[in-house]
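J.:
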Amino acid sequence: MIKIDSISKEYVMGDNKLLALNNVNVSILNGEFVSIMGSSGSGKSTLMNIIGCLDVPSSGDYFFKDDNISNFNANKLAELRNREIGFIFQNFNLLPRLNALENVVLPLLYSGKNQKERNNLALKALENVGLKDRVHHRPNQLSGGQQQRVSIARAIAGSPKLILADEPTGALDSKTSIEIMKILNDLNAKGITVVLVTHEDDIAKYASRIIKMKDGQIIEDKKNVPN
Amino acid sequence: MSLTDLIYLSQKSLRSNILRSVLTSLGIIIGVSSVITMISIGSGARQEVEEQIERFGSNNLILRSQSSSNRGVSMGANSINTLTLKDMEALKNELPAISAIAPRVSLSTQIIANGNNWLATVTGTTNDYFNLGNWKFELGRSFQDDELDSGSRVAIIGKTVQKNLFGTDSPIDEVIRINKVPFTVIGLLDAKGGTAWADLDDTIVVPLKTAKQRLVAKKFPGDQIRSMTINVSSSDLLFKTEKDIDTVMRKLHKISANGNPDFVIRNYAQFLNARQESSRVMSILLATVAGISLIVGGIGIMNIMLVTVTERTKEIGVCMSVGAKKRDILLQFLIESLMISLIGGLIGIGLGLGVIFGVSEYFNWKMSLDYFSLVLSFVFSSSIGIIFGFYPARKAANLNPIDALRYE
Numbered sequence: 015m016i017k018i019d020s021i022s023k024e025y026v027m028g029d030n031k032l033l034a035l036n037n038v039n040v041s042i043l044n045g046e047f048v049s050i051m052g053s054s055g056s057g058k059s060t061l062m063n064i065i066g067c068l069d070v071p072s073s074g075d076y077f078f079k080d081d082n083i084s085n086f087n088a089n090k091l092a093e094l095r096n097r098e099i100g101f102i103f104q105n106f107n108l109l110p111r112l113n114a115l116e117n118v119v120l121p122l123l124y125s126g127k128n129q130k131e132r133n134n135l136a137l138k139a140l141e142n143v144g145l146k147d148r149v150h151h152r153p154n155q156l157s158g159g160q161q162q163r164v165s166i167a168r169a170i171a172g173s174p175k176l177i178l179a180d181e182p183t184g185a186l187d188s189k190t191s192i193e194i195m196k197i198l199n200d201l202n203a204k205g206i207t208v209v210l211v212t213h214e215d216d217i218a219k220y221a222s223r224i225i226k227m228k229d230g231q232i233i234e235d236k237k238n239v240p241n
Numbered sequence: 000m001s002l003t004d005l006i007y008l009s010q011k012s013l014r015s016n017i018l019r020s021v022l023t024s025l026g027i028i029i030g031v032s033s034v035i036t037m038i039s040i041g042s043g044a045r046q047e048v049e050e051q052i053e054r055f056g057s058n059n060l061i062l063r064s065q066s067s068s069n070r071g072v073s074m075g076a077n078s079i080n081t082l083t084l085k086d087m088e089a090l091k092n093e094l095p096a097i098s099a100i101a102p103r104v105s106l107s108t109q110i111i112a113n114g115n116n117w118l119a120t121v122t123g124t125t126n127d128y129f130n131l132g133n134w135k136f137e138l139g140r141s142f143q144d145d146e147l148d149s150g151s152r153v154a155i156i157g158k159t160v161q162k163n164l165f166g167t168d169s170p171i172d173e174v175i176r177i178n179k180v181p182f183t184v185i186g187l188l189d190a191k192g193g194t195a196w197a198d199l200d201d202t203i204v205v206p207l208k209t210a211k212q213r214l215v216a217k218k219f220p221g222d223q224i225r226s227m228t229i230n231v232s233s234s235d236l237l238f239k240t241e242k243d244i245d246t247v248m249r250k251l252h253k254i255s256a257n258g259n260p261d262f263v264i265r266n267y268a269q270f271l272n273a274r275q276e277s278s279r280v281m282s283i284l285l286a287t288v289a290g291i292s293l294i295v296g297g298i299g300i301m302n303i304m305l306v307t308v309t310e311r312t313k314e315i316g317v318c319m320s321v322g323a324k325k326r327d328i329l330l331q332f333l334i335e336s337l338m339i340s341l342i343g344g345l346i347g348i349g350l351g352l353g354v355i356f357g358v359s360e361y362f363n364w365k366m367s368l369d370y371f372s373l374v375l376s377f378v379f380s381s382s383i384g385i386i387f388g389f390y391p392a393r394k395a396a397n398l399n400p401i402d403a404l405r406y407e
């Protein structure tokens, strides 16, 4: 599904050049559940942003499905994100003025679905994460776990093939973290590819494959049997 | 993303900060209300001038007696009538630019008819009076030559007099007593309406000779008259003729060029010009206020939109991450600034209407409101919103998704 072909990413900060990714090669197959681990500054978030088409590599090629998207423009990348990728963030990143339903509807709004269709899809997504009775609550009226479930609903509302979760449990207690990871597991069981970025071993172990990074390079890539 | 969705999202974020939205649109509110007020003052003044010309006739000068105070004692406006019918004939003969002159004597007196009492101004004059003053007849007729020559006791009355003496009944052929002298009503004048200073319809007109013989014989002995309305053949000659009349009158009354005249010439056009000029000055003032406040308002919108874009950088990143294109972000912020300016425009229209109403009530100025000014202010405010909202919106749309997402 994803093929990263000798991708490097360089940041220029004043006079210093920072090589966030150094010639990374990795492929992720359809239906995999991959954890990317590493300490801060290891390049795991940069890799994740490039996979998520939020950032573009300085060199190398990125194939999504069969498209080489290294030369996609901003609008085509936006379309790709909208259609194929769902994001889950550490801080949920919900829009504070919109209620749960409206937050989940947001990606469907940009894909141009009509109102009836997108409301149905959003309600179904909220139902899937167990928030059917909270659709009209605003983010500040929901607990952290509930907010994260709203953001998962937002990520899956458009039926993407790939879900990217950037430290999804970073702001949650351990009990809620387990709930969230269970939901991600269920989604993966339904055939959605999940890529998870974390620095916690417990969380990484939910995945079937663990990639460890250090200094912009992959230092370990092995199968994992989820417990 | 459809327009309704964009408007929905925009009103959500505007409502989340209502006070700020209203304060932001303040410049537009003041600008738009000034535009509306300015236009209606301008067109109201023009309309009023046209109406006044319609009412009083165009190209008229009024020549009136004036008590001279050269002996140190002012005798009061009515105490001496220095004008005579001889003056009138002389002016007619000497100045070919004069096309007609209507002489006038007048008194204010008690009228009795139909068991009712009324105090009205009675004018003695000729038929020229009706032509020069643009008087139309609702009923009846003007004077016949033999009535003018013989001094018949016939009268033509205005609407106010009719209303107070006869109600809505026709006054034609009725007898009214002016100063106890019975007159037969032969005509009823069309209503002209009031001005700020007088009710023009509160009038009774009788033949000059009749008035001089039976009503004002003591006040206007011999061929003395109170005033004359002088019609000039063309408006270009109005000011020159005014000067010529002065020269001729000084010669007739043996007054030196720098002596105190015993007459006064009123140029009605001059008054109208002054009126038009003052409303023009007012309009320019308002246009300046409008222009400045619209620009300041626009800058205010731009400023707040820039703040909003910065505040919502992370949100913009979120929207981009779920698939918002540049165009979606651009449109959303553009519509937000458009909505601020349109709301300002609407409030401004309301305020402008209030000002127009207040000014026309309080100052008795004629203000006229036309749809053009409403459309203009709508176009004005929306273009301000778009022009000044564009830069912040473009700034938002050009954000890099990952930078926006990471913004704290």
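Chains as they are written, first to last, in this note's numbering: chain L, 15 to 241; chain B, 0 to 407. We put the beta carbon where it would ideally sit given N, CA and C, even for glycine.
1) Would DSSP call B/Y406 helix, strand or coil?
2) Whole angstroms is fine: what's the gap from B/M304's alpha carbon to B/I17's?
3) Answer yes or no: does any C-beta atom of chain L fall closer than 8 Å to that of B/S12?
4) Excluding the five sequence neighbours on either side, which residues of its own chain have a C-beta within less than 8 Å of the C-beta of L/N199, listed in chain order?
5) Between the Cα of B/L22 and the Cα atoms of B/F238, B/S336, B/E47, B/S64, which residue gives the shortest distance?
6) Rounded to a whole number of angstroms, what is the C-alpha to C-alpha distance between L/A38 and B/A323?
7) Could you list the residues in the region 62-90 of chain L with a C-beta less than 7 Å from some C-beta on chain B, going in chain order?
8) Closer than 8 Å is the cut-off here; do at least three beta carbon pairs connect the region 33-51 of chain B with the region 289-301 of chain B?
9) Is L/S125 close to chain B? Criterion is C-beta to C-beta, closer than 8 Å.
10) Please determine, among B/S226, B/Y370, B/K211, the residue with the shortest C-alpha to C-alpha distance to B/P220.
11) Does the structure place the region 162-176 of chain L close enough to the region 138-150 of chain L that three or more beta carbon pairs sit under 8 Å?
12) Pair every Cβ in the region 45-57 of chain B with every Cβ in the region 373-384 of chain B, then say whether three or more of these pairs are closer than 8 Å.
13) Could you give the distance in angstroms between the alpha-carbon of B/E173 and the alpha-carbon of B/D201?
14) Could you compute how far the alpha carbon of B/E137 sits from the alpha carbon of B/G192?
15) If you run the structure through DSSP and keep just helix, strand and coil, what is B/P400?
16) Have a look at the DSSP bridge pairing and note the partners of L/Y76.
17) Can you give me the start and stop residues for the alpha helix (DSSP H) that B/G299 sits inside?
18) Using the beta-carbon of each residue, which ones in chain L are nearer than 7 Å to B/E314?
19) Under a three-way DSSP split, which group does B/I177 fall into?
20) With C-beta atoms as the reference, is B/I224 less than 8 Å away from B/V104?
21) Just to check my reading of the structure: L/F106 and L/Q161 have Cβ atoms closer than 8 Å, yes? What is that Cβ distance to the nearest angstrom?
22) Would you call the CB atoms of B/V321 and L/R95 closer than 8 Å?
23) Kindly give me the distance between the Cβ atoms of B/D222 and B/L84, rounded to whole angstroms, as I take these residues to be in contact under 8 Å.
24) Taking 6 Å as the limit between beta carbons, can you name the residues of its chain near B/G30, skipping five residues before and five after?
25) Do you know offhand how far B/N130's Cα is from B/I100's?
26) Among B/K208, B/S372, B/N59, B/G139, whose alpha-carbon lies nearest the alpha-carbon of B/D148?
27) Quick check on this structure: which residue in L/M51, L/K31, L/E24 has the alpha carbon closest to the alpha carbon of L/R223?
28) If you draw a straight line from the C-alpha of B/M248 to the C-alpha of B/I28, how long is it?
29) First and last residue of the alpha helix (DSSP H) that includes B/A154?
30) Is it buried or exposed, L/M27, if we count other Cβ atoms within 10 angstroms and call 16 or more buried?
T.: From the atom records:
1) coil
2) 14 Å
3) yes
4) F47, Y220, P240
5) B/S336
6) One detail in the question is off: residue 38 of chain L reads as Val in this sequence, not Ala. Cα to Cα, the separation comes out at about 29 Å.
7) N63, L68, D69, A88, N89
8) yes
9) yes
10) B/K211
11) yes
12) no
13) 18 Å
14) 14 Å
15) helix
16) L/I18
17) 267-310
18) L109
19) strand
20) yes
21) 4 Å
22) yes
23) 4 Å
24) A289, S292, L293, G296
25) 10 Å
26) B/K208
27) L/M51
28) 57 Å
29) It is not in any alpha helix (DSSP H) - B/A154 instead sits in the beta strand (DSSP E) that spans 153-156.
30) exposed
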